[in-house]
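Numbering (the working numbering), first residue to last: 54 to 753.
Think of the CB as a built atom: it goes at the ideal place given N, C-alpha and C, for glycine as much as any other residue.
These numbers come from a predicted model, not from an experiment.
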């Protein structure tokens, strides 16, 4: 039998994670290499080489490769985008300057809106106008458009974004503008709002289109470098990229519409948590991913991750949860509903001018990394604090690849934090961890309680290199009754890349009252969107029998300025189906906001469609059953600090690879493996299930 492999590569701020799956046997191999921030593709190739070498896999045996990356987000945060021009309807040239009348903190008089990604001198308005029904009021002035394009050409822009008023309902003017751009300025990379985000609300559509335009050259060049290097090594596998919405699409599609992958990396973790929770019979899950730079939380209900259309990119990781609205650039593409904060293993602890201990959002990153790495870092981090508290094994970090320097970590905490605060090193280290835990607890509450969900009804799936260290404490604070720590949690996000389907998302604005909705128009729109989705998936080699569609509709009470997304049944949309959708909307509004108004008129706003190409998922591998003894799995006993015990206690340390199915560990205890460490607090016990997952619950 010919060997076939799937390879997932997820690039994080500190480490690049890899997962290799043998499709024939189900064997899973994982690995980590340091990320290379200057050129992430270098770390990508290092991870690829390492996985193939260690598994003795030849390049031609890799069937397909899936990539999760933050290269698009980083380009926007660091303002390293391509020179871009903006063309819009005459009179709306300042659309990107005006932005919105909101701010992240209401009383911050010093707040400044983010600087537009396109400077004003590269923004042009041309005479043309459509009304809200798409009828032409003013024809497109092609001479004025040519003049604007020639000026952009003289300014040596690389990309151009076009966003005309009401083009979401009638794209004719934009399509003509695209054709003229191709004739007059053939070297320009053009993004049309009617193709990128065909929805109402001009600023959101313009912002989404501008982001797509200005990162297209960056992402395309990055993906091309990876593809060329893989071909040099003889890897001709199908190349896919994780989308922000949790699906994957091809390198070619990602190069065309990179705005759909701005949250590529974090999305993979949520998909992995969804897959694991569903496989274990827990469809309601809160995912918690703590890496080296940030911590991310997402909510999955009934086996489906929450997706939002209200997302901003371009804000640095926040240490204060929920305080960034209005501080970045909005995008109107489907994004998994994630809360991300600057609290990772490499997050720096510092004392502010008022003498208060703070943690994050700055991170030591991959270079130089935490002080204990011995690579030149001087500022203490969460990892340094956990090391001082005895929770990390200095001789077994990354399986012993890195020898952690305990004294260096102690000295850094002493000099930078403990002395200024007048506290001891251990007390300060514990304070660093608890401050980080508080920020992450707030993130878990924001993604659950503040969305109208009770976290006690969910299971916490914790992963990432640092996630299992903190998960037990967070569950205690949020009262989540059950925690699942997957096998190889440090590379779980990379696993998520290999268990998701091909996916393309489409939308079309259609504002109609539900009691007056034109069902024929709705059906026609969905037929057109499905035809587009089917064509895209078939171009990517998907078998027609593996293609399916998911319909949704954005709804609101007439007069509201926000919408809720409600599932819409496939097939004919009759009176009974309309009534069912309306009832679902009222229930969802009551759940989300605490009230509903069934007597108020409701309207459709946007029609949405996901075209999904199903792929074969790998199966969880079972492990051997327990023989009743933990002695072979216990490595040593080490002093570990627990606040519940008011100090250090002698704590058993277990080798996860020697734990058998059915084994039960009583806290306090530590479980070590190659890519992560799990901390079990007093009052908790851990069951090893049949697939090797650690299931943490309160001791009866």
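* Asked: For the beta strand (DSSP E) that contains residue 656, what are its first and last residues?
  -> 655-666
Point to revise | residue 57 versus residue 289 - alpha carbon distance | key: 13 angstroms
Query - Endpoints, the beta strand (DSSP E) within which residue 245 is located - result: Counted as a single uninterrupted DSSP element, the beta strand (DSSP E) harbouring residue 245 occupies residues 242-245.
| query | Taking C-beta to C-beta, are residue 212 and residue 242 nearer than 8 angstroms? | reply | For residue 212 and residue 242, yes; Cβs fall inside 8 angstroms.
Next item on the list: From the DSSP output, in three-state form, read off residue 469 for me.
Entry: helix
> Would the beta-carbon of residue 459 fall within 8 angstroms of that of residue 435?
Replying inline: no
> Closest to residue 451 by CA distance: which of 119, 151 and 727 is it?
Replying inline: 727
Whole-angstrom distance between residue 590 and residue 666, CA atom to CA atom: 7 angstroms
Worksheet item: Just curious, the alpha helix (DSSP H) that residue 522 is in, first and last residue?
Response: Taken as a continuous stretch (DSSP letters only), the alpha helix (DSSP H) holding residue 522 covers 520-531.
Given a cut-off of 8 angstroms on the beta-carbon distance, is the pair residue 440 and residue 467 in contact? no
Okay, do the region 252-270 and the region 104-114 touch, 3+ Cβ pairs below 8 angstroms being the bar?
-> no
Exercise. Quickly, what does DSSP pair residue 778 with across the bridge? List them, please.
Key: There is simply no residue 778 to check, as the chain begins at 54 and stops at 753 in what is shown.
For residue 615, the nearest candidate out of 598, 656 and 603 (CA to CA)
656
(Q) On the DSSP letters alone, give me the boundaries of the alpha helix (DSSP H) that residue 323 sits inside. (A) Note, residue 323: alpha helix (DSSP H), 317-332.
Q) Are the region 290-299 and the region 419-432 in contact at 8 angstroms, needing three or more beta carbon pairs? A) no
Is the beta carbon of residue 218 less than 8 angstroms from the beta carbon of residue 182? The answer is yes: Cβ separation under 8 angstroms.
Buried or exposed (CB count within 10 angstroms, at least 16 for buried), residue 409:
exposed
Quiz item: Does the Cβ of residue 317 have 16 or more other Cβ atoms within 10 Å, making it buried, or fewer, making it exposed?
Solution: buried
Residue 120 (DSSP reduced to helix, strand or coil) = DSSP places residue 120 in the strand class (E or B) of the three-state scheme.
What whole-angstrom Cβ distance do residue 103 and residue 84 have, given they're in contact under 8 angstroms?
5 angstroms
| said: If you follow the alpha helix (DSSP H) that residue 631 is in, where does it begin and where does it stop? | reply: Taken as a continuous stretch (DSSP letters only), the alpha helix (DSSP H) holding residue 631 covers 628-646.
Problem - In DSSP terms, what residue 216 is bridged to - result: 141
*In the structure shown, what three-state DSSP assignment does residue 83 receive?*
strand
| message | Residues in the same chain with beta-carbon distance under 6 angstroms from residue 278, minus the five sequence neighbours each way, listed in chain order, please. | response | Closer than 6 angstroms at Cβ, skipping near neighbours: 94.
- Query: Using DSSP with H/G/I as helix, E/B as strand and the rest coil, what is residue 499?
  - Reply: helix
Should residue 426 go down as buried or exposed, given a rule of 16 or more other Cβ atoms within 10 Å for buried?
buried
Between the Cα of residue 216 and the Cα atoms of 341, 139, 353 and 618, which residue gives the shortest distance?
The candidate whose alpha carbon is nearest that of residue 216 is 139.
Residue 171 classed as buried or exposed, judged by whether at least 16 other C-beta atoms fall within 10 angstroms: It is buried - the Cβ of residue 171 has at least 16 other Cβ atoms within 10 Å.
Margin query: I'd like the span of the beta strand (DSSP E) that includes residue 176, first residue to last.
Written below: Following the DSSP letters along the chain, one finds residue 176 inside the beta strand (DSSP E) bounded by residues 176-179.
### Message
Could you check whether residue 386 and residue 72 sit closer than 8 angstroms to each other, using their CB atoms as the reference points?
### Response
no
Exercise. Which residues share a DSSP beta bridge with residue 612?
Worked result: DSSP output for residue 612 lists no bridge partner at all.
Determine which residues share a DSSP beta bridge with residue 690 and list them. 705
> Rounded to whole angstroms, how far is the Cβ of residue 474 from the Cβ of residue 404, which I believe are closer than 8 angstroms?
Replying inline: 6 angstroms
Nearest neighbour of residue 493, chosen from 399, 563, 392 and 551 [CA to CA] | 392
Quick one: is residue 654 buried, meaning 16 or more other Cβ sit within 10 Å of its Cβ, or exposed? exposed
Worksheet item: When burial is assigned at 16 or more other CB atoms within 10 Å of the CB, is residue 574 buried or exposed?
Response: exposed
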